[in-house]
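Numbering (this note's numbering), first residue to last: 322 to 487.
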């Protein structure tokens, strides 16, 4: 059942990312819902689901949008894997956790993407990237992570019944 939910999420996110979201950008910056979905799935389901989702979503994004195939898949894979390692160590009740992790992962994603493009001789200006794009994207992704986390926590977390002392 989880695989089906993740597969549908990949398709829905790709459709939204390529059709609707470019029209609701703030100052020309579009939220990176792919990154937020990978973060949330990794937090809720662990490193295997997170890394698999990151790899598939990243490769799909690379094939359609990127000038170089594999960079997004590689970055999303590692984001999903490393966040998934902390799945059992973080509280799933607090909405602050996904906000903080989406901020850190957005910063990591943009820095890693810049480094890959630098070594592939693609020219991206670092200071305007940080000033104009990353600062807005961090804010946008952190706000979007609240809604996505609430939706996915209802879908992916199976309630457990605990018996014991009061």
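Glycine included, C-beta positions come from ideal geometry on N, C-alpha and C.
From the listed residues 345, 428 and 403, the smallest Cα separation to residue 362 is found for 403. Here the segment 423-434 makes contact with the segment 451-458; the two share three or more CB pairs at distances below 8 angstroms. Annotation for residue 398: 372, 375, 376 and 379 place their beta carbon closer than 7 angstroms to its own, counting only its chain and skipping 5 residues before and after. Between residue 330 and residue 351 a beta carbon distance of about 18 angstroms is seen, past the 8 angstroms cut, so the two are scored as non-contacting. Under DSSP, the beta-bridge partners assigned to residue 350 are 347. Residue 408 carries a coil assignment under DSSP once its states are collapsed to helix, strand and coil.
CA-CA distance, residue 336 to residue 409, rounds to 31 angstroms. Assignment of residue 444 by DSSP, reduced to helix, strand and coil, places it in the coil class. Less than 8 angstroms divides the Cβ of residue 382 from the Cβ of residue 355.
Taking a C-beta distance under 8 angstroms as the contact criterion, residue 464 and residue 365 do not qualify as a contact pair. In the three-state scheme derived from DSSP, where H, G and I count as helix and E and B as strand, residue 388 is classed as coil.
Collapsing the DSSP output to three states places residue 401 in a helix. The C-alpha of residue 427 is placed about 23 angstroms away from the C-alpha of residue 328.
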